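The numbering of the sequence shown is this note's numbering, which starts it at 519 and goes up by one.
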Amino acid sequence: MSRRTIELIALGVIVVGTLAAQTHKEYRYNVGPKARISVNDPYGAISVKPSTGNSVIVNALLYSDKVEVDNTQTGSHLDVQSHLLAGATAETGRVDYDVFVPADATVTLHSSTGPLYAEKLHGDMTLEGSAAAVDIRDVSDAHVHVKTLNGAVTLTNVQDGHIEVDSLSGPVTLDAVTGPLVQVISTSGKIIYAGDFGSSGEYRLTSHSGDIDAIVPENTSADVSARSVKGEVRDDIPLQPKAHTWFTPTQGRAFMGTMGHAAVSSTVVLRSFSGKIHLRKRTAKSQ
């Protein structure tokens with residue numbers, strides 16, 4: 519028997535053993551209005567989507583017998599947690615969750631490795647992770663809190679929400695995100711905002727050393743101020759100057775002005791210490 523054949527046989531044994539160790543489990547619960555659902559998963563992905571009625575369905579894929587799923591329900595409060603057993607590692611302790619909850623449920627998700635995904639909900643949500651990528655889509659009328667170290671954060675079509683994103687170094691992308699408050703704070707990650715800044719919200723995008731790129735359509739109405747202590751600041755959109763400013767606009771370092779002519783407009787604050795800030799008009803290329 520050749521060495522290559524032995525290697526292929528050994529690989530096949532490993533693959534079969536891994537597949538055999540995987541276990542699917544399903545749990546079903548009934549909850550009342552405004553339920554609270556918490557999923558704590560040290561290693562693995564969590565996906566949350568709306569269910570029908572007041573049902574909660576938890577589908578769990580366990581990657582080995584070194585991890586268990588603990589569920590605790592108290593009224594309309596459900597806690598789901600991966601319980602690591604002795605000797606568990608990031609690989610053997612992994613559990614992937616697909617969770618279906620009432621659309622108005624308050625959801626808390628935590629995973630170190632992720633990814634974390636939520637869509638089509640309108641209850642408050644908190645998503646936290648270290649390296650976990652966070653993806654939130656088609657959410658409305660919700661408080662959305664995201665906290666991550668270096669995972670990428672993407673929010674798409676999040677409307678009329680109270681948004682707070684805190685990231686150490688991961689990139690943050692907001693596409694069609696509006697609300698009374700949209701706040702992103704990053705230490706070194708790049709922040710991209712693509713949208714019209716709503717009609718009467720407060721938008722604060724801050725990064726210490728990361729770049730900030732704001733891409734807005736023609737009809738945007740907003741009061742905008744941008745300032746970088748050491749980075750370059752560029753404005754490709756003609757702004758109407760304000761009669762009174764609380765800092766002196768400096769060519770290439772800071773600008774302040776008004777976009778549009780609507781009676782009600784949003785307040786936009788862009789800040790960086792050493793990163794670049796660029797305000798530009800949406801074109802076919804930047805769609």
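For each residue, glycine too, the CB sits at the ideal point set by N, CA and C.
Every value quoted in this text rests on a predicted model; they were computed, and no experiment measured them.
- Query: Are there 16 or more other CB atoms within 10 angstroms of the CB of Ala651, so buried, or fewer, so exposed?
  - Reply: Here residue 651 corresponds to residue number 133 of the sequence shown, with the count starting at 1. Residue burial annotation: Ala651 is buried, with at least 16 other C-beta atoms found within 10 angstroms of its C-beta.
- Query: Is there a Cβ from chain C that is less than 8 Å from the Cβ of Val742?
  - Reply: Checking the listed chains, one finds no chain C in this structure; it contains a single protein chain.
- Message: Judging by CA-CA distance, which residue of Asn668, Leu699, Gly593 and Gly632 is the nearest neighbour of Val690?
- Response: Taking the first residue of the sequence shown as 1, we reach residue 690 at position 172. Of the candidates Asn668, Leu699, Gly593 and Gly632, the one whose C-alpha sits nearest the C-alpha of Val690 is Asn668.
- Alpha-carbon spacing of Gly793 relative to Leu645, whole angstroms: Numbered from its first residue, the sequence shown carries residue 793 at position 275. Numbered from its first residue, the sequence shown carries residue 645 at position 127. Rounded to the nearest angstrom, the two C-alpha atoms are 26 Å apart.
- Task: Look at the alpha carbon of Val566 and the alpha carbon of Thr674, and state the distance between them as a whole number of angstroms.
- Result: Residue 566 sits at position 48 when you count from the first residue of the sequence shown. Residue 674 sits at position 156 when you count from the first residue of the sequence shown. C-alpha separation (whole angstroms): 15 Å.
- Pick out whichever of Gly778, Tyr561, Lys748 and Ser739 has its Cα sitting closest to the Cα of Phe791. Along the sequence shown, read from residue 1 onward, the residue named residue 791 stands at position 273. Closest in C-alpha terms to Phe791, from the list Gly778, Tyr561, Lys748 and Ser739, comes Lys748.
- Item | Close beta carbons around Ala578, own chain, < 6 Å, minus the five adjacent residues each side | The count along the sequence shown starts at 1 and reaches residue 578 at position 60. In its chain, beyond the 5 residues on either side, Lys543, Val587, Val613 and Tyr615 have a beta carbon closer than 6 Å to the beta carbon of Ala578.
- Would you tell me roughly how many angstroms separate the C-alpha atoms of Ile795 and Thr624, rounded to the nearest one? Position 277 of the sequence shown, counted from the first residue, corresponds to residue 795. Position 106 of the sequence shown, counted from the first residue, corresponds to residue 624. In this model, Ile795 and Thr624 are separated by some 35 Å (Cα to Cα).
- Query: To the nearest angstrom, how far is it from the Cα of Ser687 to the Cα of Ser630?
  - Reply: Translated into the one-based positions of the sequence shown, residue 687 becomes position 169. Translated into the one-based positions of the sequence shown, residue 630 becomes position 112. The alpha-carbon atoms of Ser687 and Ser630 are separated by roughly 15 Å.
- Query: Under the DSSP definition of a beta bridge, which residues are partnered with Asp741?
  - Reply: For the purposes of this step, residue 741 is identified with residue 223 of the sequence shown, where counting begins at 1. According to DSSP, which records beta bridges pairwise, Asp741 is partnered with Thr776 and Thr785.
- Item | Rounded C-alpha distance that separates Ala670 from Gly707 | Counting from 1 along the sequence shown, the entry for residue 670 is found at position 152. Counting from 1 along the sequence shown, the entry for residue 707 is found at position 189. Spanning the two alpha carbons is a distance of roughly 9 Å.
- Query: Can you name the start and end residues of the beta strand (DSSP E) that Glu682 belongs to?
  - Reply: Within the sequence shown, the letter at position 164 stands for residue 682. His680 to Ser685 is the extent of the beta strand (DSSP E) around Glu682.
- Task: Determine the extent of the beta strand (DSSP E) in which His640 is found, giving its start and end residues.
- Result: By 1-based counting over the sequence shown, the position of residue 640 is 122. Counting along the chain, His640 falls outside any beta strand (DSSP E), and DSSP gives it neither H nor E.
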